[in-house]
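Here is the structure we will look at, set down as structure tokens.
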Amino acid sequence: MTTDHPFQIPLSVGLRDDARFENFYSQGNELLCASLKAATQPSGEQFTYIWGSPGVGCTHLLQAVCHEADPVGRTAAYLPLDELKHLGGGILEGMEYIDLICLDCISAVVGDTQWEEALFHFFNRIRDQGNTLIIAANTPPRHLGVQLPDLSSRLSWGIVFQVQALDDETKLKAIQMRASARGLEFSDDVVRYLLHHASRNMNDLTVLLDTLDRASLSAKRKITIPFIKEVTGL
1 MTTDHPFQIP LSVGLRDDAR FENFYSQGNE LLCASLKAAT QPSGEQFTYI
51 WGSPGVGCTH LLQAVCHEAD PVGRTAAYLP LDELKHLGGG ILEGMEYIDL
101 ICLDCISAVV GDTQWEEALF HFFNRIRDQG NTLIIAANTP PRHLGVQLPD
151 LSSRLSWGIV FQVQALDDET KLKAIQMRAS ARGLEFSDDV VRYLLHHASR
201 NMNDLTVLLD TLDRASLSAK RKITIPFIKE VTGL
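Under my numbering, the residue at position 142 of the sequence shown is numbered 142, and the numbers go up by one with no gaps.
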């Protein structure tokens, strides 16, 4: 349920334009992706908690949800709590009037009494408004170390998903898919070179793709192993 109650988003956190479901290699996470897409609809799951190790794609998925909400006419906001912790839990005031809220890196504020109180009350306000809340962390709810029992119970209100990590062969396909979306062509040998010489974290690999994309455009050269060595020193 939405409302005409006026609200003011206290900050604006940009979304990566390429952080969309079509750019997420969903093998092993098909049910999760289907549930998140459904959550962009008013009839979808009201509370969802996703977790996974760094680089598996939690941030990508939260931002993809926000992108997906816009075409169906729902307001959405993405809040990375690790970057916003210093602002205090008061930033959540009034956010319950947004149709869909994605809170990333909740573990960054767990253990802070003021933040835990703010999150507890935010859950209640979201429930009362009938809007949607999706949370991401690097551990399941029971392992977060939440101090406030009432908040701990709220975190288990909805559905919980673990974002499954990709194995090397699936990572190869995922990198090629993301490269193709940029108009780049990466051979299997090029991707295997990256997997053996660069960070295996998908977030880091995405940043590296951006770097190689810009360098390739500037130099008007194809991306080959010698070119990667020249640009990155790997």
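All residues carry an ideal CB built from backbone N, CA and C; glycine is no exception.
Use the C-beta contact count for residue i: other C-beta atoms within 10 angstroms, 16 or more gives buried, fewer gives exposed.
{"i": "Q63", "result": "buried"}
{"i": "D104", "result": "buried"}
{"i": "H5", "result": "The predicted model places H5 with a pLDDT of 42, which falls under 50 and marks its position as unreliable; any figure quoted below should be read in that light. Exposed, by the Cβ-count rule."}
{"i": "R142", "result": "exposed"}
{"i": "H197", "result": "exposed"}
{"i": "R154", "result": "buried"}
{"i": "G55", "result": "buried"}
{"i": "N131", "result": "buried"}
{"i": "L151", "result": "buried"}
Using a threshold of 8 Å, state whether the C-beta atoms of residue i and residue j are closer than that.
{"i": "G88", "j": "Q114", "result": "yes"}
{"i": "A77", "j": "T40", "result": "no"}
{"i": "L205", "j": "L194", "result": "yes"}
{"i": "L15", "j": "C66", "result": "yes"}
{"i": "A181", "j": "N23", "result": "yes"}
{"i": "V160", "j": "C58", "result": "no"}
{"i": "E116", "j": "L148", "result": "yes"}
{"i": "F227", "j": "G158", "result": "no"}
{"i": "W51", "j": "A165", "result": "no"}
Assuming residue i is part of the beta strand (DSSP E), what are its boundary residues?
{"i": "I159", "result": "159–162"}
{"i": "F21", "result": "F21 -> no beta strand (DSSP E), and no H or E assigned at all."}
{"i": "I50", "result": "47–51"}
So, at 6 Å on beta carbons, what are the nonlocal neighbours of residue i in its own chain, with the 5 sequence-adjacent residues on each side left out?
{"i": "T2", "result": "For T2, the predicted model reports a pLDDT of 43, less than 50, meaning its position is unreliable and no value from the coordinates is stated."}
{"i": "A215", "result": "V231"}
{"i": "T75", "result": "I98, D99"}
{"i": "F7", "result": "Reliability fails at F7, whose pLDDT of 44 lies under 50, so the model's placement of it is uncertain and the value that follows must be treated cautiously. Within the same chain, F7 has close Cβ partners G94, Y97."}
Apart from the five residues on each side of it in sequence, which residues of its chain come closer than 7 Å, Cβ to Cβ, to residue i?
{"i": "S218", "result": "none"}
{"i": "L81", "result": "L103, D104, C105, I106, A108, V109"}
{"i": "E188", "result": "A quick correction: the sequence has Asp, not Glu, at residue 188. These residues qualify, in order along the chain: L172."}
Taking the alpha helix (DSSP H) that residue i falls in, what are its first and last residues?
{"i": "T40", "result": "It is not in any alpha helix (DSSP H) - T40 carries neither H nor E in the DSSP assignment."}
{"i": "I225", "result": "225–232"}
{"i": "H67", "result": "58–69"}
{"i": "D150", "result": "149–154"}
Once you ignore the five residues that flank residue i on each side, which residues in its own chain have a CB closer than 8 Å to its CB?
{"i": "A38", "result": "G44, E45"}
*Taking only runs of the alpha helix (DSSP H) that begin and end inside the segment 174–203, which ones reach a length of at least 4 residues, in chain order?*
188–197
*Counting only runs that start and end within the segment 80–139, where is the beta strand (DSSP E) found for 3 or more residues in a row?*
Within the segment 80–139, the runs of beta strand (DSSP E) at least 3 residues long that lie entirely inside it are, in chain order, 100–104, 132–137.
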